[in-house]
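Going from the sequence shown to the working numbering is simple: count from 1 and add 1.
Below: one structure, written as structure tokens.
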Amino acid sequence: MIRWLLTGLVLALSAHQTWAADTLRCGSQLISVGDRSSEVLQKCGEPASRDLLGYKRSADRREEFQVEEWTYGPNGGMYQYLRFEGNRLKQITSKRGN
């Protein structure tokens, strides 16, 4: 019974192709959630694409900031998607290309 459960869990995880991480290696450099967009650009270079996703308001609703997604890759068949909110890296997601 446990064997079937573990097999199902492995299959479910392998079918899901998107992973989120807190760090990403760019050559010999590491970038982390919280880094400034200028630091990421310096360490990783120009992304393959930059998409403006819109604007987001701060929790106190006093200021509005830009939300962007940068795409790097494919690198070894993987694409990396970096989400920036107000020039700070908020999320790193990787997905295997087709």
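Cβ atoms here follow ideal geometry from the backbone N, Cα and C, with glycine treated the same way.
All figures in this text were calculated on a predicted structure; none of them were measured in a lab.
Between L90 and G35 the beta-carbon gap is near 6 Å, inside 8 Å, which marks them as a contact. Counting every other CB atom within 10 Å of its CB across the protein chains shown gives E69 a total of 16 or more, marking it as buried. Rounded to whole angstroms, the separation of the alpha carbons of L31 and L42 is 12 Å. Here F66 is not near Y82, since their CB atoms are 8 Å or more apart. Contact check for N76 and R37: beta-carbon distance about 22 Å, past the 8 Å limit, so the pair fails to qualify. Here L53 is exposed, its C-beta having fewer than 16 other C-beta atoms within 10 Å. One Cα belongs to Y73, the other to E86, and the distance between them is close to 17 Å.
The criterion of a C-beta distance shorter than 8 Å is satisfied by S95 and A22.
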